[in-house]
Structures are given as C-alpha cells and as structure tokens.
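Contents: one structure, followed by commentary.
In our numbering, the protein residues as written are 636 to 797.
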C-alpha cells in the first residue's frame, strides 16, 4: 500500500493511537485487513471492530467503484483511523467527484427481496446502521466521510443480557 500503514501516535489528540493509509483504487479492499490489525493492536472490542470494518469496506467499495468516473487526475484515497479509550474513529477521504452518500445515495427498499430491489444505496444504509455516528463533508476538493463507534456504548451493549 502506498504509505503502507504509517502509524502515528498524534491522530485525534492525546491518548490516541492512529493509522494513516494512502491507497490506490486497487488497494482499497486491502484496507480492511490493515484496519483489523490496527484495531486488535489497540484493544478495540471485537464487535466494534467488526462493525467498523464492515462499514468501511462498504464505503470503500463505493469510492473505488463510483468516485472516479470521468476523473482525469490520479485517484487518491486516504483512510485515517484513531482509537481513544472512548471512541474508534475512521475517516475516509478521496479526491473523486463530489458526492454526499448520506444524502444523495438512493434509500433502498429493504422490504423487497434482493432480486426485486434496484441497485444502489444498500451499502450506505448498512454503514449507517453499523456505527454510532456518521458524517460527510466536502472540503479542499475531497469527499470526507467520518465514522465513529462509541466504545463505551459497545461495551455496555455486549454486557447487557439478551
């Protein structure tokens, strides 16, 4: 990977450990593996890590498949992750076409079976359900989507009897 997992300990402020990856379109699917290593190395609970990986994977597939249609410049995808005692945060940014997936992606009709459902929107829908917070911002010619899992809430959810 370009910038293959540049580890930094200054991401997200004090007591944070960070991961900073610069990816090509072809490398985007490999980010989930590096994110898993990072999460495990930093004590992210399994459930929170799995949920974040799945959300990130869904969003990276969208970026790789759609963000660079008709773009002449070199695609650049960046994933920055940080962990504090309370939060596991990942920001995905790209220099592709402006697109706010939280407001512009189609809302899937989840009452239909997969064969009858039009394509589009399911990955974003899933990502929204997997994380505590999700936001989008366009700045400096880049799409930025930030996902946060509240680790304290995840821990409480795991401890509660079913």
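Glycine included, C-beta positions come from ideal geometry on N, C-alpha and C.
In this structure, the beta-carbon distance from residue 729 to residue 702 falls below 9 Å. Between residue 788 and the set 683, 762 and 769, the nearest pair of CA atoms involves 683. Judged by beta-carbon spacing, residue 712 lies beyond the 9 Å limit of residue 766, meaning their Cβ atoms are not closer than that value.
Looking at the DSSP output, residue 773 sits in a beta bridge with 778. Around the C-beta of residue 715, 16 or more other C-beta atoms lie within 10 Å, and the residue is accordingly described as buried. Within the same chain, 783 come within 6 Å of residue 768 by CB-CB distance, once the 5 residues on both sides are set aside.
Taken through DSSP and simplified to helix, strand or coil, residue 696 comes out as helix. In chain order, 690, 693 and 694 place their CB closer than 6 Å to the CB of residue 762, counting only its own chain and leaving out the 5 sequence neighbours on each side.
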